[in-house]
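Just remember that the working numbering sits 1492 ahead of the position in the sequence shown, which is counted from 1.
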Amino acid sequence: MSSPAPLIEVHRGDMLESLHSGHAVVCDDSGQIVQAWGDPMAVIFPRSSCKMIQALPLIESGAADAHGLTSEQLALACASHQGAHIHTDRVQVWLDQLGLKDSDFRCGPQWPGDIPARNEIIRAHAQPCQIHNNCSGKHAGFLTLNRHLGGAADYELVDHPVQQAGKAAFEEVTDMTSPGYGIDGCSAPNFATSVQGLARAMASFASAGDRSDTRSQAMVRLTQAMTAHPELVAGETRACTDLMRAMDGRVAIKTGAEAVFVAIIPERKLGVALKITDGSTRGAEAAIAAILVKLGVLDADHPATRARMVPEIRNWRGTLCGHIRPTRALL
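See below:
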């Protein structure tokens, strides 16, 4: 087993102050490794980076079409959103269409990441609802699938038909039996896989346009929904949204908690997965930006790229103190 590879350096002045190491894999449409750093077989929890996989049964079952879901709703099913009105208003409409209420969610309440939305709740002397949870779009998808399957209310339980459908899809597209699961922040099970397995799944999404089977069609719809609505997948100021915009809808990317990131690159038929072992968001954002630049799909000089891949470190007075940059090994 290989050790994590050094991927991102943090310099203060001329001295290396911190180092973010991790595992990263690029797979082609046959599932083979094109390039790797660290240990491709390192087992990780993909966390929210795999939401497009979790959304596959929503389409494959016929639930999405039976309920007339739009591309915006499919993007929200893949989202870790900010809880801004552009997110919560649309999720509320989705709930209304199902004839359900906030109490039907099983994701738990969460303060919005969007500052205006958070301040609005504070000024009203109120508390956030489950609809504000960054995973409420995914859970609206779960509720839709559950309605279609006729399952019990506790759709978040690992032995529920909704989650078993998700597990089956997950193991099939990663081409790996999951060694286990953990409970995610939104209460749904999160199945473990290897970094290579996750990259292999993303490569399957990337090459899905070459196939005509039901799963591949679902993969294309979800990828296109993400790239068409990057503002719904995350939100303003977020790396997923900013970098997808910088790539003009050619690539879908998705972050997950504890420094996981994936990318779907249809024009190259490549899938990417990475995990920074210390769980650092800045490390994961810098690493995914660097890999996308290396693969030729992201402009190194775009402001959104520079803000993640090579940001300056400034103190509270605005003095330049250092910088972050990818290691030579990564580039």
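Virtual Cβ for every residue (Gly too), placed ideally from N, Cα, C.
Bear in mind the structure is a predicted one, so any value in this text is a computation, not a measurement.
For Arg1703 and His1721, I'd like the C-alpha separation in whole angstroms.
As a working mapping, residue 1703 is identified with position 211 in the sequence shown. As a working mapping, residue 1721 is identified with position 229 in the sequence shown. Distance between the alpha carbons of Arg1703 and His1721 is about 24 Å.
Is the Cβ-Cβ distance between Leu1550 and Thr1666 less than 8 Å?
Reading the sequence shown from its first residue, position 58 is the one you call residue 1550. Reading the sequence shown from its first residue, position 174 is the one you call residue 1666. Cβ atoms of Leu1550 and Thr1666: not closer than 8 Å.
Which residues in the same chain have their Cβ closer than 7 Å to the Cβ of Pro1831, if we skip the five residues on either side of it in sequence?
Outside the displayed range of the chain (1493 to 1823) lies residue 1831, so it cannot be described from this structure.
Please check the pair Val1583 and Ile1623, which I expect to be a contact at CB under 8 Å, by giving their CB distance rounded to whole angstroms.
If you number the sequence shown from 1, residue 1583 lands on position 91. If you number the sequence shown from 1, residue 1623 lands on position 131. Confirmed, Cβ separation roughly 5 Å.
Run through DSSP, which three-state label would Lys1593 get?
Position 101 of the sequence shown, counted from the first residue, corresponds to residue 1593. If DSSP states are grouped into helix, strand and coil, Lys1593 belongs with coil.
Have a look at the DSSP bridge pairing and note the partners of Gly1748.
Within the sequence shown, the letter at position 256 stands for residue 1748. DSSP, once it has assigned bridges, lists Val1752 as partnering Gly1748.
Over what stretch of residues does the alpha helix (DSSP H) that includes Leu1550 continue unbroken?
The sequence position of residue 1550 within the sequence shown is 58, counting from 1. Note, Leu1550: alpha helix (DSSP H), Leu1548 to Glu1552.
Going by C-alpha distance, which of Leu1735, Thr1729 and Arg1809 is nearest Ile1607?
Along the sequence shown, one-based indexing puts residue 1607 at 115. Of the candidates Leu1735, Thr1729 and Arg1809, the one whose C-alpha sits nearest the C-alpha of Ile1607 is Thr1729.
So, with DSSP's three-state summary, where would you put Ser1563?
Here residue 1563 corresponds to residue number 71 of the sequence shown, with the count starting at 1. Ser1563 falls in the helix class under three-state DSSP.
Best match in His1503, Cys1599 and Leu1822 for proximity to Ala1645 [C-alpha to C-alpha]
If you number the sequence shown from 1, residue 1645 lands on position 153. Residue Cys1599 is the option with its Cα nearest to Ala1645.
For Val1752, tell me which candidate among Gly1741, Ala1661 and Ile1768 has the shortest Cα-Cα distance.
Position 260 of the sequence shown, counted from the start, is the residue given in the question as residue 1752. With distances taken between Cα atoms, Val1752 lies closest to Ile1768.
Check whether the Cβ atoms of Ala1497 and Gly1514 lie closer than 8 Å to each other.
Numbered from its first residue, the sequence shown carries residue 1497 at position 5. Numbered from its first residue, the sequence shown carries residue 1514 at position 22. Their beta carbons are under 8 Å apart, which means Ala1497 touches Gly1514 by this criterion.
So what's Phe1537 in DSSP terms, helix, strand or just coil?
One-based indexing of the sequence shown puts residue 1537 at position 45. Residue state, collapsed to three classes: coil.
Suppose you measure from the CA of Val1535 to the CA of Pro1671; what does that come to, to the nearest Å?
Residue 1535 sits at position 43 when you count from the first residue of the sequence shown. Residue 1671 sits at position 179 when you count from the first residue of the sequence shown. Roughly 9 Å separates the two Cα atoms.
For a test of the three-state rule: what should DSSP assign to Cys1621, helix, strand or coil?
In the sequence shown, the residue the question calls residue 1621 occupies position 129. Cys1621 falls in the coil class under three-state DSSP.
Could you tell me the alpha carbon to alpha carbon distance between Arg1774 and Gly1677, rounded to whole angstroms?
For the purposes of this step, residue 1774 is taken as the residue at position 282 of the sequence shown. For the purposes of this step, residue 1677 is taken as the residue at position 185 of the sequence shown. Rounded to whole angstroms, Arg1774 to Gly1677 spans 20 Å at the Cα level.
Find out if the Cβ-Cβ distance for the pair Val1517, Gln1688 is shorter than 8 Å.
As a first step, residue 1517 must be located in the sequence shown, where it is residue number 25. As a first step, residue 1688 must be located in the sequence shown, where it is residue number 196. The answer is yes: Cβ separation under 8 Å.
Look up His1577 in the DSSP assignment and say whether it is helix, strand or coil.
Walking along the sequence shown from the start, residue 1577 turns up at place 85. Helix at His1577.
Could you tell me whether the Cβ atoms of Leu1812 and Arg1820 are closer together than 8 Å?
Taking the first residue of the sequence shown as 1, we reach residue 1812 at position 320. Taking the first residue of the sequence shown as 1, we reach residue 1820 at position 328. No, these two residues do not count as a Cβ contact at 8 Å.
Within 10 Å of its beta-carbon, does Asn1611 have 16 or more other beta-carbons around it, so buried, or fewer, so exposed?
Counting from one through the sequence shown, the residue named residue 1611 turns up at place 119. When all chains shown are included, Asn1611 counts as exposed.
Measure the C-alpha to C-alpha separation of Gly1560 and Leu1587 and round it to an integer number of angstroms.
Position 68 of the sequence shown, counted from the first residue, corresponds to residue 1560. Position 95 of the sequence shown, counted from the first residue, corresponds to residue 1587. Straight-line Cα distance between these residues: approximately 13 Å.
Take the Cβ of Glu1777 as the centre, count every other Cβ of all protein chains shown within 10 Å, and call the residue buried at 16 or more, exposed below.
Translated into positions along the sequence shown, residue 1777 becomes position 285. Under this definition Glu1777 is a buried residue.
Contacting residues, own chain, Cβ-Cβ under 6 Å from Val1502 (five flanking each side not counted)
Within the sequence shown, the letter at position 10 stands for residue 1502. So the list reads Glu1509, Ser1510 and Ile1816, once near-sequence residues are dropped.
Helix, strand or coil for Thr1715 per DSSP?
For the purposes of this step, residue 1715 is identified with residue 223 of the sequence shown, where counting begins at 1. Correct three-state label for Thr1715: helix.
Quick one: give me the first and last residue of the alpha helix (DSSP H) that Glu1612 is part of.
Locating residue 1612 in the sequence shown gives position 120, where the first residue counts as 1. That run of the alpha helix (DSSP H) goes Ile1607 to Arg1615.
Buried or exposed: Gly1505, going by 16 or more other Cβ atoms within 10 Å of its Cβ?
Taking the first residue of the sequence shown as 1, we reach residue 1505 at position 13. Burial call: exposed.
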